[in-house]
Amino acid sequence: MMEAQTAPCIQSPPASHLKPWLGAQPSTVVTPGINVTLRCRAPQPAWRFALFKAGEIAPVLFRDVAVDLAEFFLEEVTQAQGGSYHCCYRRQGWGPGVWSPPSDAIELLVTEVLPPPSLDALPGPVVARGENVSLRCAGRVGGMSFALYRVGMAAPLQYRDSSQRWVDFPLAAAHAPGTYSCYYHTPSAPYVLSLRSEPLVVSWEGAPSSDYTLGNVVRLGLAGLVLVCLGSLVVFDCRSRSSAPGGLQS
743 MMEAQTAPCI
753 QSPPASHLKP
763 WLGAQPSTVV
773 TPGINVTLRC
783 RAPQPAWRFA
793 LFKAGEIAPV
803 LFRDVAVDLA
813 EFFLEEVTQA
823 QGGSYHCCYR
833 RQGWGPGVWS
843 PPSDAIELLV
853 TEVLPPPSLD
863 ALPGPVVARG
873 ENVSLRCAGR
883 VGGMSFALYR
893 VGMAAPLQYR
903 DSSQRWVDFP
913 LAAAHAPGTY
923 SCYYHTPSAP
933 YVLSLRSEPL
943 VVSWEGAPSS
953 DYTLGNVVRL
963 GLAGLVLVCL
973 GSLVVFDCRS
983 RSSAPGGLQS
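The opening position of the sequence shown corresponds to residue 743 in the numbering used here, with each subsequent residue numbered one higher.
1) According to DSSP, is Gln767 helix, strand or coil?
2) What separation, rounded to the nearest whole angstrom, lies between the Cα atoms of Pro932 and Pro919?
3) Which residues in the same chain as Arg938 place their Cβ atom closer than 7 angstroms to its Cβ, once the five residues preceding and following it in sequence are excluded?
4) Buried or exposed: Met886, going by 16 or more other Cβ atoms within 10 Å of its Cβ?
5) Under a three-way DSSP split, which group does Ala683 fall into?
6) Just reading off the beta strand (DSSP E) that Thr779 is part of, what are its end residues?
7) Since I believe Leu877 is in contact with Leu913 (beta carbons under 8 angstroms), could you give me their beta-carbon distance rounded to a whole number of angstroms?
8) By the three-class DSSP mapping on this structure, what secondary structure does Gln900 have?
9) Take the Cβ of Gln928 as the centre, count every other Cβ of all protein chains shown within 10 Å, and call the residue buried at 16 or more, exposed below.
10) Our contact map puts Pro787 next to Val809 with C-beta atoms below 8 angstroms; I'd like the distance itself, whole angstroms only.
11) Identify the residues that DSSP records as bridge partners of Asp806: which are they?
12) Quick one: what does DSSP say His759 is sitting in, helix, strand or coil?
13) Can you give me the C-alpha to C-alpha distance between Leu861 and Trp836, rounded to a whole angstrom?
14) Fully enclosed by the region 820-882, which beta strand (DSSP E) runs are 3 residues long or longer?
15) In whole angstroms, what is the alpha-carbon distance linking Pro762 and Val772?
16) Give the secondary structure of Ala889 by DSSP, where H, G and I count as helix, E and B as strand, and everything else as coil.
17) Looking at C-alpha atoms only, which residue of Leu899, Ala880, Ala916 is the closest neighbour of Val909?
18) For Glu817, which option in Gly839, Phe791, Asn777 has the closest C-alpha, if you only look at C-alpha atoms?
19) Starting from Gly920, trace the beta strand (DSSP E) in both directions and tell me its first and last residue.
20) Assign Tyr901 to one of two classes, buried (16 or more other C-beta atoms within 10 Å of its C-beta) or exposed (fewer than that).
21) Reducing DSSP to helix, strand and coil, say where Ala796 ends up.
22) Bridge partners of Leu811, per DSSP?
23) If you draw a straight line from the C-alpha of Ala847 to the C-alpha of Val883, how long is it?
24) Taking the beta strand (DSSP E) that Leu942 falls in, what are its first and last residues?
25) Along the chain, where does the beta strand (DSSP E) containing Pro932 start, and where does it finish?
26) Where do the N-terminal and C-terminal ends of the beta strand (DSSP E) with Leu937 fall, by residue?
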């Protein structure tokens, strides 16, 4: 007679029952319509596995296996299937309703595009001459690939993978001044890309900003134009006087 499928991970298990590990393939971040496999691995061969989603009382799926790994298949996922998941296992011989502690939760994100990251300069966007600086690109999800761009260059300036939600791009002081942006994406296909960060301007300490310099150029240009116009009016007035009857005589 099959045991009733009561909700696992409720009763307190013995301390000797170690928690399982839960992972996702191809990624914890996917686009809608992708098939996702959630793999629950126990530290020892188990008899039954259960997959839970946060906000739901009953298990999402069960798997009865005689090994240490169970795979839960989510076909053509929708955004509604995104959320926090964890799994539990139990072995034969354990008392009724006794399960392992829950695995660490993983967050499944089903989206067409990731939100833009932030881009900050460390220790700051104004760099003393000869001082190195790092640009920190911080996203919303860990385990992503990050790319740093510089205005005027088509290819990424630097490219890095990170298990954290952020990554630091070091810049040598001699090449630091410029305007930068970054983005991040899933490390494997099918790729999910983020929007670009807001641009960040890095400048040398004591150097005028590009806006200030451009303003000076515009103001000087206008002043020169005014002088040219005044000079033209003076010449025109003098010629008018000399050509008029009874004009200026030498």
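Don't be surprised by glycine CBs; every beta carbon is placed ideally from N, CA and C. These numbers were taken from a predicted model, which means no experiment stands behind them.
Working from what's here:
1) Strand, per DSSP.
2) If I take the Cα positions, the gap works out to 35 angstroms.
3) Taking C-beta separations shorter than 7 angstroms and ignoring five residues to either side along the sequence, the partners of Arg938 in its chain run Pro858, Ser923, Tyr925, following chain order.
4) Buried: at least 16 other Cβ atoms inside 10 Å.
5) There is no way to answer for residue 683, as the model of the chain reaches only from 743 to 992.
6) In the DSSP annotation of this structure, the continuous segment of the beta strand (DSSP E) that includes Thr779 starts and ends at 778-783.
7) Confirmed, Cβ separation roughly 6 angstroms.
8) Residue state for Gln900 is assigned as strand, using DSSP reduced to three classes.
9) Before going on, a small fix: residue 928 reads as Thr here, not Gln. Classification of Thr928: buried, given that the 10 Å Cβ count is 16 or more.
10) Contact flag correct, Cβ pair sits at about 6 angstroms.
11) Beta bridge pairing from DSSP links Asp806 with Arg790.
12) Three-state result, His759: coil.
13) Leu861 and Trp836: Cα-Cα distance of roughly 51 angstroms.
14) Counting only runs of at least 3 residues, the region 820-882 fully encloses the following beta strand (DSSP E) elements, listed from N- to C-terminal order: 825-832, 848-852, 860-864, 875-880.
15) So the alpha carbons of these two residues sit roughly 23 angstroms apart.
16) Residue state, collapsed to three classes: strand.
17) Ranking the options by Cα distance to Val909, first place goes to Ala880.
18) Relative to Glu817, the option among Gly839, Phe791, Asn777 whose CA is nearest is Asn777.
19) Per DSSP, Gly920 belongs to the beta strand (DSSP E) from 920-927.
20) For Tyr901, the number of other beta carbons within 10 angstroms of its own is below 16, and it is reported as exposed.
21) Ala796 sits in coil when the DSSP states are folded into three classes, being neither helix nor strand.
22) Bridge pairing for Leu811: Arg783 [DSSP].
23) Roughly 14 angstroms between the two C-alpha positions.
24) First-last of the beta strand (DSSP E) with Leu942: 942-946.
25) Neither: Pro932 is in no beta strand (DSSP E) and is coded neither H nor E.
26) Judged by DSSP secondary structure, Leu937 falls outside any beta strand (DSSP E); it is assigned neither H nor E.
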